[in-house]
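Structure record follows, encoded as structure tokens.
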Amino acid sequence: MHLPEKYGNWRGVYNRLRMWAVDGTWERVFTALVAQADAAEGLTWAVSVDSTIVRAHQHAAGARPQRGPDREPDDHAIGRSRGGLTTKIHLAADGQCRPLAFVLTAGQAGDAPAFTDVMNRLRVPRRRGRPRTRPDVALADKAYSSREIRDHLRRRGIRAVIPERADQRANRIRRGPAGGRPPAFDREAYKQRNTVERCINRLKQWRGIATRYEKTATIYLAGLHVAGIFLWSAR
Numbered sequence: 066m067h068l069p070e071k072y073g074n075w076r077g078v079y080n081r082l083r084m085w086a087v088d089g090t091w092e093r094v095f096t097a098l099v100a101q102a103d104a105a106e107g108l109t110w111a112v113s114v115d116s117t118i119v120r121a122h123q124h125a126a127g128a129r130p131q132r133g134p135d136r137e138p139d140d141h142a143i144g145r146s147r148g149g150l151t152t153k154i155h156l157a158a159d160g161q162c163r164p165l166a167f168v169l170t171a172g173q174a175g176d177a178p179a180f181t182d183v184m185n186r187l188r189v190p191r192r193r194g195r196p197r198t199r200p201d202v203a204l205a206d207k208a209y210s211s212r213e214i215r216d217h218l219r220r221r222g223i224r225a226v227i228p229e230r231a232d233q234r235a236n237r238i239r240r241g242p243a244g245g246r247p248p249a250f251d252r253e254a255y256k257q258r259n260t261v262e263r264c265i266n267r268l269k270q271w272r273g274i275a276t277r278y279e280k281t282a283t284i285y286l287a288g289l290h291v292a293g294i295f296l297w298s299a300r
């Protein structure tokens, strides 16, 4: 770990970073800033969801089994493929390209299975009453066009703005009346989906986000929350 001498011994700094990652301090600060912005300006509750793959440095592999209260996945959210080691960041962003929630998986994991996990991590405290956990609209690309996702959004009263995949459309047409109606799709609203892609670009301006150097998912996720803290503080 490369650390300027003025900050003291690197191990003490790392231990504090890890402690605050494990006990949720970084995530609480991140959530508090989101809530502060919501109270001051009101968030745009049209939420965009997407994912991005990041390369994991070779030194990120080989983490020891974690003990204690860590919520560390067994694979440390690192996958191995022909392209090397990778991690996938699944996230939701608001209408101003700011992150709202993160989920980490191995790089080869699919997008759709992580969708509900991302949505379930949306939580914005309010001054009165319960935290808000349900956006008005969820925007996502064709990778998220599945019956399970649409049913999940319908049950929660969230409007889905997700284009139908070509194979789904062809199958529906082939079945005729039995195929049912096409899912509602607002093309104009879908133009706002790029906010999550722009959010990803902003996050990857941090070297430690664009390439994963951390051995554990817990610490890498803490880095995402710290980057998110900077983005929300810059409003």
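The sequence shown finishes on residue 300 if you use my numbering, and the numbering steps up by one all the way, no holes.
Don't be surprised by glycine CBs; every beta carbon is placed ideally from N, CA and C.
Between which two residues does the beta strand (DSSP E) holding residue i run?
| i | result |
| --- | --- |
| S298 | Where S298 is concerned, there is no enclosing beta strand (DSSP E), although the alpha helix (DSSP H) it sits in stretches over A282 to S298. |
| A225 | R224 to V226 |
If we ignore side chains and look at the alpha-carbon of each, how far apart do residue i and residue j end up?
| i | j | result |
| --- | --- | --- |
| I154 | P138 | 14 Å |
| Q123 | P248 | 44 Å |
| I284 | W297 | 20 Å |
| R267 | P228 | 25 Å |
| V189 | A225 | 20 Å |
| L150 | P178 | 20 Å |
| S113 | R220 | 18 Å |
Name the residue from the options whose alpha carbon lies nearest to the alpha carbon of residue i.
| i | options | result |
| --- | --- | --- |
| P200 | R193, A158 and S298 | A158 |
| V119 | N74, S146 and E106 | S146 |
| P196 | A121, L187 and N74 | L187 |
| R277 | A121, Q101 and E106 | A121 |
| I294 | L108, A102, R83 and D176 | A102 |
| G148 | L68, Q173 and R272 | Q173 |
| R212 | L165, R93, T181 and A126 | T181 |
I think residue i touches residue j, with their Cβ atoms under 8 Å apart; what is that distance to the nearest whole Å?
| i | j | result |
| --- | --- | --- |
| A205 | A111 | Not a contact, Cβ separation roughly 11 Å. |
| V78 | L156 | That pair is no contact at about 27 Å. |
| R193 | C264 | Incorrect: roughly 29 Å between the Cβ atoms, too far for contact. |
Just to confirm the assignment, what range does the alpha helix (DSSP H) spanning residue i have?
| i | result |
| --- | --- |
| N239 | Going by the sequence as given, residue 239 is Arg instead of Asn. R239 -> alpha helix (DSSP H) spans A231 to R239. |
Would you say residue i faces chain D, with C-beta separation under 9 Å as the test?
| i | result |
| --- | --- |
| L218 | Protein chains in the displayed structure number just one, and chain D is not present. |
Ranges of the alpha helix (DSSP H) found wholly within the stretch 105-175, counting only runs of at least 4:
Within the stretch 105-175, complete alpha helix (DSSP H) segments of at least 4 residues are not found at all.
What alpha helix (DSSP H) runs, 4 residues minimum, are completely inside the stretch 176-210?
Whole alpha helix (DSSP H) segments, 4+ residues: 177-185.
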